[in-house]
Each structure stands twice: as structure tokens, then as C-alpha cells.
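Notes to accompany the following structure.
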Amino acid sequence: MKQIKQKLLGFFAGVLLALGNVHAQEATQNSIESMNVVQQGAILNVKLTFREPLKALPAAFSVAKPARMAFDFPNTINGLGKSSQVYNEGDLKSANIVQADDRTRVVLNLQKAMTYEATIDGNSLVLALVPSGMPEGAAPVEHFAQARPSAQSNSIRAIAFRRGKDGEGRITVDLSDANAGIDIKQQGSNLIVDFAKVTVPEDLRKRLDVTDFATPVLTVNTVQKGANTRMTITPRGLWEHNAYQSDNQFVIEVKPVIENPNKLVQGSRGGYQGEKLSLNFQNVDVRRLLQVIGEFTGMNMVVSDSVGGAITLILKDVPWDQALDIIMQQKGLDMRKNGNVILIAPREEIATKEKLDFESRAQIGDLEPLQTESFQMNYIKAEAVQKLLVDPKQTLLSRRGSALLDDRSNMMFVKDTPSRLDDVRAMIAKVDIPVRQVMIEARIVEAGDSFAKNLGIRLLWNQTDRNGAVTVGGGQNFSGQLNSASLVNLPATPRTGTPGNLAFTLFNVAQTQFLTVEVSALEADGRGKVISSPRVMTANTVEAIIEQGVEIPYQQATSSGATSVSFRKANLSLKVKPQITPDGKIIMSLDVNKDTPNTRLSTGAGVAIDTKHVKTEVLVENGGTVVIGGIYTQETRNNTQRILFFGDLPYVGWLFKNREIIDDKTELLVFITPRILAENLTVR
Numbered sequence: 001m002k003q004i005k006q007k008l009l010g011f012f013a014g015v016l017l018a019l020g021n022v023h024a025q026e027a028t029q030n031s032i033e034s035m036n037v038v039q040q041g042a043i044l045n046v047k048l049t050f051r052e053p054l055k056a057l058p059a060a061f062s063v064a065k066p067a068r069m070a071f072d073f074p075n076t077i078n079g080l081g082k083s084s085q086v087y088n089e090g091d092l093k094s095a096n097i098v099q100a101d102d103r104t105r106v107v108l109n110l111q112k113a114m115t116y117e118a119t120i121d122g123n124s125l126v127l128a129l130v131p132s133g134m135p136e137g138a139a140p141v142e143h144f145a146q147a148r149p150s151a152q153s154n155s156i157r158a159i160a161f162r163r164g165k166d167g168e169g170r171i172t173v174d175l176s177d178a179n180a181g182i183d184i185k186q187q188g189s190n191l192i193v194d195f196a197k198v199t200v201p202e203d204l205r206k207r208l209d210v211t212d213f214a215t216p217v218l219t220v221n222t223v224q225k226g227a228n229t230r231m232t233i234t235p236r237g238l239w240e241h242n243a244y245q246s247d248n249q250f251v252i253e254v255k256p257v258i259e260n261p262n263k264l265v266q267g268s269r270g271g272y273q274g275e276k277l278s279l280n281f282q283n284v285d286v287r288r289l290l291q292v293i294g295e296f297t298g299m300n301m302v303v304s305d306s307v308g309g310a311i312t313l314i315l316k317d318v319p320w321d322q323a324l325d326i327i328m329q330q331k332g333l334d335m336r337k338n339g340n341v342i343l344i345a346p347r348e349e350i351a352t353k354e355k356l357d358f359e360s361r362a363q364i365g366d367l368e369p370l371q372t373e374s375f376q377m378n379y380i381k382a383e384a385v386q387k388l389l390v391d392p393k394q395t396l397l398s399r400r401g402s403a404l405l406d407d408r409s410n411m412m413f414v415k416d417t418p419s420r421l422d423d424v425r426a427m428i429a430k431v432d433i434p435v436r437q438v439m440i441e442a443r444i445v446e447a448g449d450s451f452a453k454n455l456g457i458r459l460l461w462n463q464t465d466r467n468g469a470v471t472v473g474g475g476q477n478f479s480g481q482l483n484s485a486s487l488v489n490l491p492a493t494p495r496t497g498t499p500g501n502l503a504f505t506l507f508n509v510a511q512t513q514f515l516t517v518e519v520s521a522l523e524a525d526g527r528g529k530v531i532s533s534p535r536v537m538t539a540n541t542v543e544a545i546i547e548q549g550v551e552i553p554y555q556q557a558t559s560s561g562a563t564s565v566s567f568r569k570a571n572l573s574l575k576v577k578p579q580i581t582p583d584g585k586i587i588m589s590l591d592v593n594k595d596t597p598n599t600r601l602s603t604g605a606g607v608a609i610d611t612k613h614v615k616t617e618v619l620v621e622n623g624g625t626v627v628i629g630g631i632y633t634q635e636t637r638n639n640t641q642r643i644l645f646f647g648d649l650p651y652v653g654w655l656f657k658n659r660e661i662i663d664d665k666t667e668l669l670v671f672i673t674p675r676i677l678a679e680n681l682t683v684r
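Here is the structure:
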């Protein structure tokens with residue numbers, strides 16, 4: 001009986017002790033007792049009354065769309081007895097009071113975006129809410145951070161400038177205390193940053209010329225204005241700015257904006273696409289901050305146990321993915337995303353885990369059993385596929401894999417692990433496809449226009465005596481004949497054809513003296529055109545050649561001293577290698593050659609060959625025509641032969657000279673037209 005009494009006394013003592021601990025814990029927790037909303041002019045006052053006075057202002061963050069404000073009260077319970085309340089007072093629609101574990105969050109649902117000022121008044125927290133829009137004509141001022149009481153004076157310790165990876169200018173200000181009031185506003189074309197009750201040393205009060213960094217920022221000027229410090233940033237062109245604070249470092253970025261004529265408002269905040277939010281946390285636990293972002297985005301977030309530490313973060317209207325990126329950069333974290341689940345851990349931990357995964361996969365590959373699979377090639381040679389598989393620079397097979405060929409059936413047998421066989425199967429499916437055909441048609445047009453004009457003169461004189469004997473030029477007598485002597489012999493000498501002659505004779509009354517004038521002239525005008533049209537069809541990326549012509553024999557000395565007959569080609573040839581681009585165009589490597597025997601320059605060693613050669617690479621649309629080369633030559637000559645002194649006499653000088661005028665033109669053009677043949681093309 002005595003033992004039972006002792007056990008009962010021990011039990012009741014334990015219950016009383018537990019109840020005492022509960023009451024003690026409740027006594028240490030604060031509680032929200034009431035919430036009142038009053039509209040006074042343009043200011044909306046929200047008053048939260050607590051059981052005990054607050055020791056510090058609550059951490060808060062805001063969302064622009066939809067307009068919301070959230071305040072977190074640690075070690076506080078909801079004493080209102082309800083979790084939501086509809087107000088419809090001014091721009092405040094309703095409020096949600098949510099308690100989780102030992103903290104309570106108050107969310108204000110607003111009609112539009114607003115800013116607030118928080119004040120602790122005894123057991124109450126007074127929130128003065130005003131619309132965030134500025135009156136028309138007023139300079140927009142962004143109250144980046146409010147000044148908080150600090151035990152030490154605040155000053156700027158360092159100012160640094162650097163160029164970001166995307167060409168943005170990044171100004172970093174190192175503060176001695178994180179509790180600094182910062183205002184940002186745009187004044188004309190400048191960006192003004194005011195640090196409230198912050199001093200700057202003499203060596204930092206200067207103007208930095210950062211033009212050489214090739215950013216939108218030209219200069220950064222820092223001056224002391226009374227008890228405050230003002231930094232004036234002068235940018236150029238189109239730009240936008242972004243600012244954030246991490247502990248004692250304040251960073252403002254000025255980014256270039258590429259003008260888009262299709263957008264009314266320029267600027268895109270970089271590559272971040274998340275909804276914008278504002279964060280204001282002083283010395284908050286990193287895990288708690290990640291939880292806030294996870295709750296805002298609705299993403300499933302897994303945070304490693306090794307993530308820890310505290311951070312001071314003030315962000316104004318930044319995308320949530322950029323806010324998460326800033327937090328991870330400051331704390332040396334990294335993330336991996338799988339669907340809608342984000343894993344966050346230190347970079348070293350993620351790198352180590354991935355390394356172990358890769359090593360385990362490699363070990364599995366060394367121990368995995370091998371399988372053999374046969375592959376039938378339809379459009380490609382099995383030998384070509386084997387070269388791709390066993391290429392030592394980038395082999396698709398494992399160290400234990402092998403590939404055997406059967407040339408008769410064009411099959412390949414591959415032995416390897418199942419995962420490598422899947423890779424081989426996917427590769428063969430991409431390369432073993434029908435090759436597209438290309439028809440290339442060339443037109444080689446050679447046109448000629450020739451003109452020649454020849455004019456010559458011959459003067460003949462003779463004399464006869466009374467007996468009929470002829471005395472030529474005062475020389476011999478030729479009985480019974482009428483011979484003449486040439487005083488001027490400059491007839492027309494054309495390259496081709498026979499000139500026309502016109503002659504007339506002057507004689508005396510006795511017909512004993514004769515003077516004969518013979519004029520020879522030729523004018524030739526010729527036009528010709530030679531069109532060659534070779535065409536060839538080939539497969540994609542396969543070189544083709546077509547040629548037509550003659551082989552000209554010539555004698556060549558051998559090493560023994562004897563002569564032998566060799567042949568040289570004089571051909572019209574077309575060599576082409578097409579490549580079809582993904583957008584349906586054709587890249588062609590062309591080599592066009594047109595040789596013609598030149599019989600006029602023939603020698604005992606052989607016949608000369610006139611060569612016209614074009615080699616190039618062009619990009620042409622399917623069915624389009626391109627001129628890849630043109631050779632234009634013109635030969636103009638004006639030759640005159642005259643007798644000295646007499647040929648220069650006026651009026652009669654033409655009787656003592658010969659004149660030849662030549663004007664020849666030749667032109668060579670090469671036209672190329674490629675066409676991709678349809679796969680279902682048939683010949684009827």
C-alpha cells in the first residue's frame with residue numbers, strides 16, 4: 001500500500017511539473033491580441049496589439065502581383081481566435097493570420113501595391129500604408145532601406161567597380177554597419193544613391209571614370225553632403241538598374257538594355273522570369289529565408305542539413321529566381337532542379353555527390369553483363385558505321401565493347417552493355433537514312449564580238465615608146481608586153497578573208513604613160529556565241545564529276561633519249577560537291593574547267609590549249625541560279641604603215657600609207673542551278 005502511494009505521488013508530481021513547463025513556455029511566447037484598421041486621408045493605419053512589447057521590427061516581404069504584404073512574428077501565437085478577416089477599408093481588402101509552430105505570419109491583401117512605415121508604440125505595432133505611385137512630375141524615390149538605430153556610427157569603408165559577365169556595371173559599397181538608410185532615385189539622366197547618416201572618408205570622395213570598362217556607366221562620383229553621403233552614377237544609352245544588400249555590402253547594377261521596336265517599355269531584368277517580390281530581413285537564418293521563398297513560389301524545396309548561417313538581405317521588386325540566385329551566391333550554395341522539386345546544398349556537397357554518382361555508374365558499366373545485337377544497314381555502308389563506333393577519339397563503345405562486320409549482308413554485330421547498345425541504336429537510326437539527291441546544271445556561255453577594218457593603197461606607173469616597147473620605170477624594155485612598176489605597195493593585209501580592190505588608171509593623149517591607183521579595203525564584223533550545258537546528279541555531300549572533250553597527242557622525251565607520244569586533255573568538266581542545309585539551301589564546292597585547242601599557236605611540240613578555270617564555294621537556294629564567274633576581254637588595235645614624209649602630207653597622204661583597225665570582245669559567264677530532287681520522284 002505504501003508503494004502504491006509513492007507511485008501516485010510521483011505521477012501527480014510529474015503531471016504538475018509538465019503543466020508548469022507548459023505554462024512557463026506560454027508565458028515566454030508573445031500573442032497577437034487585436035488588429036484594427038483606420039483610414040486617415042491618404043494613409044491607411046494598421047494597428048496590431050500584442051500581449052508584450054516587440055523587441056524589434058518584424059521581417060517582411062511584399063509581392064507586386066497580386067499586391068500583398070507579409071510580416072513574420074517569431075515566438076508569437078495567434079490570439080485573435082480566427083485566421084482571416086475581411087476589412088475592405090481603403091486599399092486593404094482582407095488579412096490572413098496564420099500560425100505555424102512558434103511563429104505567426106500576418107498577410108495583408110491589398111488592392112494595389114503600397115509602401116509602409118513601421119513603428120513600435122508600447123505593446124502595439126503601427127503600420128502606415130501609402131500607395132507606391134508618385135504624384136505626376138515628382139522624382140521617383142525608392143526607399144531601398146530604412147535607417148535603424150545602431151550603437152556605432154556608420155561609414156563607407158570601400159567602393160569597388162567591376163564589369164559583369166553580361167556587360168553590366170556593378171558598383172559595390174562596403175558599409176561598416178548594415179543598418180543604413182538608402183534611397184535611390186533617377187534625376188535626369190543620372191542615378192542618385194543617398195546613404196542616410198553615413199560618412200565617407202576623404203580618399204573615397206572622388207570621381208571615378210569607368211568608361212574603359214565598356215559598361216553603360218561612365219562615371220561614379222561620391223561626395224559628402226552634411227551627415228549623408230551621395231553617390232551620383234552617370235550612365236549612357238538605354239539602361240536599367242537593380243540593387244540589393246547582403247549583410248554589410250550594398251550592390252547596385254546598371255545593365256544595358258537592347259531596344260526592341262516591338263515593345264513599348266524597354267528592359268527585361270536580364271534572364272529572370274519569376275514573379276517579383278520584396279524582402280527585408282535582418283540577420284535571418286538562411287534556411288528560414290529559403291522557406292519563405294519556397295512558400296511564395298509554391299516550389300517543393302529540399303534543403304540540405306549542412307545549409308546554415310544567417311544573412312541580412314534587402315531586396316526591392318526583384319524576380320524570385322534572382323533573389324534565390326543572390327542568396328546562393330552569397331552563401332556558396334548551388335541547386336539542382338528536377339521537375340518542380342529544387343535541391344539546395346553547398347556547392348562542394350553537390351559536386352561530391354555527383355562525382356560519386358558518376359563513379360558508381362562507371363563501376364556498374366564495368367560489371368554489367370554484355371549483350372549482342374545485330375544491326376541491318378539499309379542506306380549506309382556498315383563499314384562506315386563501324387568506323388564511327390571504334391573511333392579512338394570519341395568511341396561510343398565501352399572498353400569491353402566490340403563491333404563485327406558482314407560485308408555480304410551489310411550487317412553489323414555489336415557486343416556491349418545494354419545502355420551502350422541503346423546509344424548505338426539511336427546513332428544508327430540517325431545516320432542510316434536515305435540520302436537526298438541533287439541535280440546540278442551548269443551553263444557556260446562564251447560570247448564573242450569582233451570587228452576589223454583594213455585600208456591599203458598601190459600606185460603603179462608605166463611608159464611605152466612609139467614602137468610598142470614598154471619601158472618600166474626607165475629600166476628594161478619588154479617587147480609586146482605591158483608591165484608596170486609599183487611606186488607605192490601598201491595593200492590591205494587582213495587576218496582573215498580577201499579584201500576588195502578598186503583600181504583606176506590615168507594616161508596621156510598618146511597613151512604612152514600610165515598611172516594606176518589600186519585601193520584595197522576590207523571591213524569584217526562578226527558575232528558568235530558558244531553555250532555548253534553540262535549537268536550531273538549526285539547524292540548529298542558526295543563529289544561528282546562530268547567531263548567531255550579530246551585528248552591531244554604530243555611527243556615527250558623519255559629517260560633513254562627516245563621520244564614517246566603522250567596525251568593531254570582539253571575538256572569541258574564540272575566537278576561539284578553539294579551539301580543540303582537544314583533550311584533547304586545548298587552549299588556547293590564547284591570546280592569548272594573549259595579547255596579549247598588553239599590551232600593558231602600550234603608548234604612542232606604540240607597544240608596549245610586555251611584554259612578557262614573557275615573554282616569556288618557558294619550558297620544557293622533550291623532551284624535558284626547563281627553566276628559564279630565571268631571573264632571579259634577586249635582587244636583594240638590601230639596599226640598604220642606609211643612612207644616617210646609622203647604619208648604625212650595633208651590630203652594626199654592617204655595615198656602613201658596602210659591602216660588597220662581591230663576591236664575584238666569576248667566574254668565568258670558560268671551559271672549554276674542546283675535542284676533538290678523529291679524522294680518520291682519517278683521516271684515515266
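Residue numbers (full-length UniProt numbering): 1 to 684.
Ideal placement from N, C-alpha and C gives every residue a C-beta, glycine not left out.
| Asked | Found |
| --- | --- |
| Simplified DSSP assignment, three categories, for residue 748 | The structure shown does not extend to residue 748, since the chain spans only 1 to 684, so no value can be given for it. |
| Cβ separation of Ile314 and Gln245, assumed to be a contact under 8 Å, to the nearest whole Å | 4 Å |
| C-beta atoms of Ala570 and Pro534 nearer than 7 Å | no |
| Same chain only: Cβ atoms within 6 Å of Gly526, ignoring 5 sequence neighbours per side | Ser450 |
| For Met427, the three-state DSSP class (helix, strand or coil) | helix |
| Cα-Cα separation between Pro491 and Asn501, rounded to whole angstroms | 9 Å |
| Met328: first and last residue of the uninterrupted alpha helix (DSSP H) it sits in | 320–331 |
| Simplified DSSP assignment, three categories, for Asp174 | strand |
| DSSP bridge partner residues for Trp654 (one or two, in chain order) | Trp654 pairs with nothing; no bridge assigned. |
| Host alpha helix (DSSP H) of Gln224 (start-end) | Gln224 -> not in any alpha helix (DSSP H); beta strand (DSSP E) instead, spanning 217–225. |
| Through-space distance from Ile252 to Lys112, alpha-carbon basis | 27 Å |
| Neighbourhood of Val670 by C-beta distance below 6 Å, restricted to the same chain and skipping five residues each side | Ile444, Val592, Val614, Ile628, Gly629 |
| Buried or exposed (CB count within 10 angstroms, at least 16 for buried), Pro135 | No answer about Pro135 holds up, because its pLDDT of 46 lies below 50 and its placement is not dependable. |
| Local conformation of Asp247 per DSSP, three classes | coil |
| Inter-residue Cα distance where the pair is Lys206 and Thr232 | 11 Å |
| Supposed contact pair Thr119 and residue 689 - C-beta distance, whole angstroms, cut 8 Å | Limits of the chain in this structure are 1 at one end and 684 at the other, which puts residue 689 out of reach. |
| Near the ligand MG: Lys206 beta-carbon under 6 Å from a heavy atom | Of the ligands one can find in the structure shown there are none, so the ligand MG has no counterpart to examine. |
| Top-ranked residue by Cα proximity to Asp664, from Val86, Gly528, Val284, His241 | Gly528 |
| Distance between Phe413 and Lys378 (C-alpha atoms, nearest Å) | One point to set straight first is that residue 378 is Asn, not Lys, in the sequence displayed. Computed Cα separation, rounded: 15 Å. |
| 3 or more residues per run - each beta strand (DSSP E) lying fully within the region 567–644 | 586–603, 606–620, 626–642 |
| Same chain, Cβ closer than 8 Å to Glu551, neighbours up to 5 away in sequence not counted | Phe567, Arg568, Lys569, Ala570 |
| Backbone CA spacing between Met335 and Thr352 [nearest angstrom] | 13 Å |
| Reference Asp583, options Leu574, Leu619, Lys575, closest by Cα | Leu619 |
| Paired residues, beta bridge with Leu108 - DSSP | Met69, Ala95 |
| Ser278 versus Leu218: straight-line alpha-carbon distance, rounded | 29 Å |
| Residue range of the alpha helix (DSSP H) that includes Gln386 | 382–389 |
| N-terminal and C-terminal residue of the beta strand (DSSP E) that Lys206 is part of | Lys206 -> no beta strand (DSSP E), and no H or E assigned at all. |
| The region 99–110 touching the region 64–72, judged by at least three CB pairs closer than 8 Å | yes |
| Top-ranked residue by Cα proximity to Ser153, from Asp121, Ala196, Ala160, Ile171 | Ala196 |
| 8 Å contact criterion, which Ile428 and Val385 should meet: CB distance rounded | 6 Å |
| Local conformation of Gln481 per DSSP, three classes | In this predicted model, Gln481 has a pLDDT of only 39, less than 50, meaning its place in the structure is not dependable; the value taken from the coordinates is given anyway. Coil at Gln481, not helix or strand. |
| Collapsed DSSP secondary structure at Ala362 in the structure displayed | helix |
| Expected contact under 8 Å - CB spacing of Gln39 and Glu89 to nearest Å | 6 Å |
| Same chain only: Cβ atoms within 6 Å of Gly294, ignoring 5 sequence neighbours per side | Met301 |
| Inter-stretch contact (C-beta, 8 Å, three-pair minimum) for the region 381–399 and the region 341–350 | no |
| Whole-angstrom distance between Asn123 and Phe50, CA atom to CA atom | 5 Å |
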